[in-house]
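Undergrad: Chains as they are written, first to last, in full-length UniProt numbering: chain A, 1 to 297; chain B, 1 to 297; chain C, 1 to 297; chain D, 1 to 297; chain E, 1 to 297; chain F, 1 to 297. C-beta atoms are modelled at their ideal positions from N, C-alpha and C, and glycine is treated no differently. What you are looking at is a predicted structure, and each value in this text was computed from that prediction instead of being measured.
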């Protein structure tokens, strides 16, 4: 049996969450789910529990997930090699078929975890209800097959599901104008969906602490980054490499109306809850300008 | 800055609340607010914060409050003595006038506290929308004036407010068939309202630990009491005195469809949260039979 | 048994009301209730019956009431002197407490009368649902305590109640940004509410005949006053004294979209009905310009 | 200009109507419109104004009208003789064609008068939306052509129009199962419609004072008739002749749930208003049993 | 029993209709019904079946009909001569009365046919719900009586009926500002209604093949006519005579937002279906410019 | 260009469909999609077009599909042998994983085809929204792994999608009470879904002509089979083998409220349209008793 001090600390914690719950009530939140948090079983459960809690306290979470490592594993199983250009998977017809199957399996696996917690979920791909329309994306000018650039998002199905209290869980697959299937970068998909549905927040679960002025030293983590500051960090090269497209996505999202984009360390248990419901900030928040600081920061 | 352990403990607490939040989502909960919790400023805030949190995580709380001590204070101010028969205030016309004024002040004071937390509230008396209809109540066969027995509850106004996300806060005043004003016992009012609106829970904030087999020894607290057990305790005199009418109210409420009636110690900070959202039980829960134990017990 | 002529005259009266009923169907009407009409028992009933009839024939009445004389009476009961600066009550904490209690009693008394006529009513103060937000008002530059100037009106609760066929009855009490209670001038409150909810009409029940060019001679009553004419009467001093702030309120209301503001003689039985449903005008109507004359004038 | 006494009498009349308006609010009332009240221009306007007022104060009136005399007139114009068996018009194909045309003209004429008063109306026949389904009716065992007995009423169209605040005005024409057109007795149609839509009241505008124990002496008018009493009057022959089928219709309507059927003297101006909104009863009311007396009787 | 080839051809036909059904789903279509198609019994049934099918596959058809020949016939029956100025019927009071009666009969006859197919219909004139408001129309500067020019269309009743799945069938009769009845040209009425309700299509059933460059040679039929082309044909006199006002109506409709106006040959069985659901065009389609060609053309 | 005869035949075909379209309007129809119709590209398109047309003319189709052959193919690709007991696939964890992936791919492929026709579709498995709950199914008493028996169907998600005009396409995968994934027989799933949502029709696309008294001779096809007749055919062994469980499913569905179950030959182009919209029956219809024959039979 827990001590009375512990019990009171618990009550205090719930009360501490009160202003955040009130503030985010009915707000849409897109969670880009990927990286280590998708592989480690304990982290998986931690993320899914966080998302379920967001839903139960009145927010409207939407999950957009990746599945790169799992796709590579199944490519191997059927004796096919994975090939990448500029970080993008070269996607011929058979690769596309395998990718879609694997993403579908991952997708329904997430549905299963959410449903097990007693919360309603629906697994979708960007084909369902015509959510994601794409055109071919070139890698450095080179045709690498069925890799798509999102051209439009149809939010009708997502809106219908949210209005009926289902959590939409979306795999990054879409159709071009001839209804051919394409693979989509999950970060791009999350960003496009967040913008299209008018999300309040977009949270990327990543395998880093956040944005650091010195990536080698996690004590240099930047808690809050305005668009102007982000531009400067890009200019002077602090943000570069694999971080660059992600940050550009974040900037786009903020420019298109998402109030706050979070780069969170998905390797930490309950990173979503800690970011959303406690005073202690986690990772890096990107927002338009300082005036938009939330009270918790 | 808090330590990482503290932070993780907080996350754990929020996650621990998940099944309770899910289970009580959209359920109506009547809180009878009275006793010490209404007088001590810190306890007041603690109760109001708890109720606001219940609302924010998706429950539908309704407050029914008393105000006896405050009424006596104002009786004194205008030079009038308070007189009681069988625990009921003898209520002539002027007393009724003062009682209604004081209850109105207490009522709007609670509205003020809830609104300050950013949650919508409306202060009502049983006159508004004809909520409480009464007939004269005798004390031991004696006419003690405008003291009423509830004969019917019109829930239309309460339902309208709940459906529009206001917390109704109700003072125990009603009208008889000639539209004369009557004073009502707050426990009776809470019980009648809970039954009429189909509440899932009815929680009495009291100045005791709960029901004890030996009232002198709080280690004999009974956590769960079925109707059969309660009947027996009444029969063999363990429950008696001022406790008797309260327990009878509880039994009535359970018999009329309220799943669970709680007798909580209002002198403990956040007793509502602790009871509703943690494994550790507080006070005594009264329910139909053992099979109805909630998972938390 | 009445004669056939009387009966036919009655039918004719009902038919005469037809165009007014059609014209005002579903329109919102704010009635500022105060003065003699609040004290005389017969006048009280006459006003309440009029308001109930407005509701029953399809209009949406809202009552805003005062209670100055009653407050002074109770101040006396607890041995406190009333003090005024520039017609505003100096309001220390205890005075505020008493004022709120008395206004609450008056408020629920009106609810009781409307309910007795079989029409649904809800008694509110400006605290409920955050209806009235204020800031401190100075009297001639002097701090006279908790007397408030309305800064904003939140109509959500009023709209909800109207949509569900309740008549809102509002006491002029509000909260400042720190959620401190303030007393408000009832005329100001009526005017602010009428403007905020988009009322078609605002009717002040007063203790005068209306605006007279010679206040001593009620034969000089002005039936219709345009804004331009009102300005002139203020300029040349015909309107002055206690009348001035009331007329300024009327002008504000008309400028903010209320089609017609009526200054009625609340000492006349059924003055509301006579003004709204018969050809014979009562009191003074203030409107934007002559082109807005209703057919009845 | 009217005197103050007149004005106060008017106010009093409006207030007197208050309980009736409240009681009948949203109730459906079927008015069978026929006889002198359809021919005299002044009476026409009086009836239409009454119906418009019923609508404006919140009732849901439906008009079912006849047109016998007008049909005979047009039969003459095209050189065709009218022929009756047992009071029913022998209706060959050409007669049916003329009857339908004339009823259509009368119908749209009524629409025109209601619309002119600023109230929305729609003219229908029993063909529209399949309202009236019939089978052939024999007169004394004799086939007299397209004269129909109502077999069912489809209320969907009427309900739709009422819900959107139109007054339905219905001509008594229907279709049999082969979709052949039939003429219907207007009393029958009014009765069937009142029963099917669950009307509170059904009022017949007739050319008599009401039911009299001695038809020669209008001082013997019966104000209230219970079903038992009506049966007795039929048995002992007081009710007979043309009155018999009308009274049987009334009895049917009451037996099928219409609370009160009124036989009114349509030759009196505003007979509907006088019956519905004043204490003085007009004509004869038929109801289930004495206990159902309205307060006005 | 039909052969398998026939059966497959049928399936193919249904499938061929798929894109048209999808494209016109929920779109409003006004059908001006007149000419031979109103007289020949077989053509009547063919038109009504077409309209019923449009409704059943998800379109929202509205019929506006004429009745000139039938009116002349009944004028004769009552011994009155028809007289025309500039193609408009001189309409004195009695003529108006007859015209309204005959149009009413035609109107309810169409309702009857639609209802017989199991589809819900309501027959209206422009008086009902104040649909058509008019002013007097002069013929060549000459007053020819109750012939009206449409000044406004109130779509509330039409919208209500459509929303409840009734087909509105409208006779071209209207009221002026004094609520006097007027006769209206049916083409004008169809055009005004189509514009006011925002119809996608307006189809005129006529007694010609469509617009021909040489009216003598039906091989010169123009399938598609843009507004520019129509203007040219009017300028150089190819379109003239009785065709001119009809084409001007079409041009107005297109200019006011109707996407496509069709001049169809009502003498051909199922001309509506053939135009709307097969690749083979019928008659002449008038549209804004070539870019608006539908896929079927 | 097609001949005029062809065109008229087309119009006739559309008109012939009118009574069926009217009759099935808004009715739910479950199509079990499997067998040859899922493999042949042309048949696939034919089925999908039929379903799209059902939707467009107002029915509410739901597809439940299988995927056995495709699963076996992919089992082979990763070097795993398929094993069957009593016609049920032995399903270890890896087989389940592959089956779910393949069914997911098939599922989204169908979505893609429907979307390409301009109709909205959503691909689901029985996990989404908790649609299909199962328990382990034994084959002849033998545990063959993750093969499930449906124990309950949650229709909330299906109902939500239908109400918003999406076609739900469902893969036969479900969860047991521990949220473990199971494979389900597609016929069972179709039958359970049809029963749970209250479908009017359930159509099985099979690789046979229908039920024949002599399976070798397709001229012995039974067009209509009542439950009694079906029982007899089972008793005397005419129905047996692989047909037996399918017919038992049909009988269950009819007993649980599905009006009509069709066994259609999916190898015939547009078999759904021919069955639903033409007089010529296809395959075998199973219904409660002869009295329920539709007009088309």
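For residue 273(B), return the contacting residues in chain A, with the cut-off set at a CB-CB distance below 9 Å.
TA: Neighbours of residue 273(B) on chain A, chain order: 10, 11, 14 and 15.
Undergrad: Per the contact definition of three or more C-beta pairs closer than 8 Å, is the stretch 1-19 of chain A in contact with the stretch 35-46 of chain A?
TA: Short answer: they don't touch.
Undergrad: Measuring only the C-alpha atoms, how far is residue 221(A) from residue 285(A)?
TA: Near 11 Å, if we compare the C-alpha coordinates of residue 285(A) and residue 221(A).
Undergrad: Is the Cβ of residue 56(D) closer than 7 Å to any Cβ of chain C?
TA: Answer yes: the Cβ-Cβ gap between residue 56(D) and chain C drops below 7 Å somewhere.
Undergrad: Sort out for me which residues DSSP pairs residue 65(C) with in a bridge.
TA: 33(C).
Undergrad: Does the pairing of the stretch 263-274 of chain C with the stretch 188-204 of chain C give three or more beta-carbon distances under 8 Å?
TA: As far as the Cβ criterion goes, the stretch 263-274 of chain C touches the stretch 188-204 of chain C, which means the pair count is three or higher.
Undergrad: Sort out for me which residues DSSP pairs residue 24(D) with in a bridge.
TA: According to DSSP, residue 24(D) bridges with nothing at all.
Undergrad: Near residue 1(B), which residues of its chain fall below 6 Å by C-beta distance, leaving aside the five closest residues on each side in sequence?
TA: Summary for residue 1(B): the model assigns pLDDT 49, below 50, so the residue's position carries little reliability, and this model does not support an answer.
Undergrad: Run down chain A in chain order and give the residues with a C-beta less than 7 Å from the C-beta of residue 302(B).
TA: Nothing in the structure corresponds to residue 302(B), since chain B is present only between 1 and 297.
Undergrad: Any residues in the stretch 80-104 of chain A with a beta carbon nearer than 7 Å to a beta carbon of chain F? Which ones, in chain order?
TA: Those residues of the stretch 80-104 of chain A that come within reach of chain F (Cβ to Cβ, closer than 7 Å) are 97, 100, 101, 102 and 104.
Undergrad: Using a Cβ cut-off of 7 Å (strictly closer), state whether residue 135(C) contacts chain B.
TA: Answer no: the Cβ-Cβ gap between residue 135(C) and chain B never drops below 7 Å.
Undergrad: Express the C-alpha separation of residue 39(B) and residue 70(B) in angstroms, rounding to a whole number.
TA: If you take the alpha carbons of residue 70(B) and residue 39(B), they lie about 9 Å apart.
Undergrad: Sort 192(C), 96(C), 73(C) and 210(C) by Cα distance to residue 150(C) and report the nearest one.
TA: Checking every option, the nearest Cα to that of residue 150(C) belongs to 192(C).
Undergrad: Could you tell me which whole beta strand (DSSP E) segments of length 3 or greater appear in the stretch 206-244 of chain B?
TA: As far as the stretch 206-244 of chain B is concerned, its whole beta strand (DSSP E) runs of at least 3 residues are 224-226.
Undergrad: Identify, in the order they occur along the chain, each residue of the same chain with its Cβ nearer than 7 Å to the Cβ of residue 34(B), setting aside the five sequence neighbours on each side.
TA: Correct list, in chain order: 65, 66, 186 and 205.
Undergrad: Where does residue 188(B) land, buried or exposed, given buried means 16+ other C-beta within 10 angstroms?
TA: Flag for residue 188(B) reads buried.
Undergrad: Within the same chain, show all residues whose beta-carbon is closer than 8 Å to that of residue 297(F), passing over the 5 residues directly before and after it, in chain order.
TA: The predicted model places residue 297(F) with a pLDDT of 34, which falls under 50 and marks its position as unreliable; any figure quoted below should be read in that light. The residues are 223, 224, 281 and 285.
Undergrad: Alpha carbon to alpha carbon, what distance is there between residue 196(B) and residue 289(D)?
TA: Spanning the two alpha carbons is a distance of roughly 34 Å.
Undergrad: Assuming residue 304(F) and residue 128(A) form a contact by the criterion Cβ under 8 Å, report the distance between their Cβ atoms to the nearest whole angstrom.
TA: Within the shown structure, residues of chain F are numbered from 1 to 297, placing residue 304(F) beyond reach of any answer.
Undergrad: Which same chain residues end up closer than 8 Å to residue 56(A) when comparing Cβ atoms and leaving out the 5 residues on each side of it in sequence?
TA: Only 119 meet the Cβ criterion.
Undergrad: Would a check of beta-carbon distances place residue 296(D) closer than 7 Å to chain E?
TA: Low confidence applies to residue 296(D): its pLDDT is 39, below 50, so where it sits in the model is not reliable, and the reading given next is rough at best. Chain E contact via Cβ: absent.
Undergrad: What is the residue span of the alpha helix (DSSP H) that residue 50(D) lies within?
TA: Taken as a continuous stretch (DSSP letters only), the alpha helix (DSSP H) holding residue 50(D) covers 41-56.
Undergrad: For a minimum of 4 consecutive residues, which ranges assigned as the alpha helix (DSSP H) are wholly contained in the stretch 136-176 of chain F?
TA: As far as the stretch 136-176 of chain F is concerned, its whole alpha helix (DSSP H) runs of at least 4 residues are 156-163.
Undergrad: From this set, 241(E), 190(E), 229(E) and 226(E), which residue's C-alpha is nearest residue 215(E)'s C-alpha?
TA: Looking at the Cα atoms, 241(E) is the closest of the given residues.
Undergrad: 7 Å is my cut-off, CB to CB: does residue 53(B) come that close to chain A?
TA: Closer than 7 Å: yes.
Undergrad: I think residue 28(E) touches residue 199(E), with their Cβ atoms under 8 Å apart; what is that distance to the nearest whole Å?
TA: About 4 Å separates the two Cβ atoms, so the contact holds.
Undergrad: Restricting to Cα atoms, I'd like to know which of 279(C), 278(C) and 267(C) is closest to residue 37(C).
TA: It is 267(C) whose Cα lies nearest to the Cα of residue 37(C).
Undergrad: In the stretch 71-150 of chain E, which residue ranges form an unbroken beta strand (DSSP E) of at least 3 residues, counting only runs that do not cross its ends?
TA: As far as the stretch 71-150 of chain E is concerned, its whole beta strand (DSSP E) runs of at least 3 residues are 121-125 and 132-139.
Undergrad: Can you give me the C-alpha to C-alpha distance between residue 137(B) and residue 148(B), rounded to a whole angstrom?
TA: Distance between the alpha carbons of residue 137(B) and residue 148(B): 5 Å.
Undergrad: Does the Cβ-Cβ distance between residue 183(E) and residue 121(E) come in under 7 Å?
TA: No, they are not a contact pair.
Undergrad: Around the Cβ of residue 60(F), are there at least 16 other Cβ atoms within 10 angstroms (buried) or fewer (exposed)?
TA: Buried is the call here.
Undergrad: Which residues in the same chain as residue 144(F) place their Cβ atom closer than 7 Å to its Cβ, once the five residues preceding and following it in sequence are excluded?
TA: Excluding positions up to five away in sequence, the list reads 85, 88, 90 and 91.
Undergrad: If contacts are defined as beta-carbon pairs under 8 Å, then residue 8(A) and residue 26(B) qualify, I think. What distance do you get, rounded to the angstrom?
TA: That pair is no contact at about 28 Å.
Undergrad: What number of angstroms, rounded off, separates the C-alpha of residue 252(E) from the C-alpha of residue 139(D)?
TA: Going by the C-alpha atoms only, they are around 56 Å apart.
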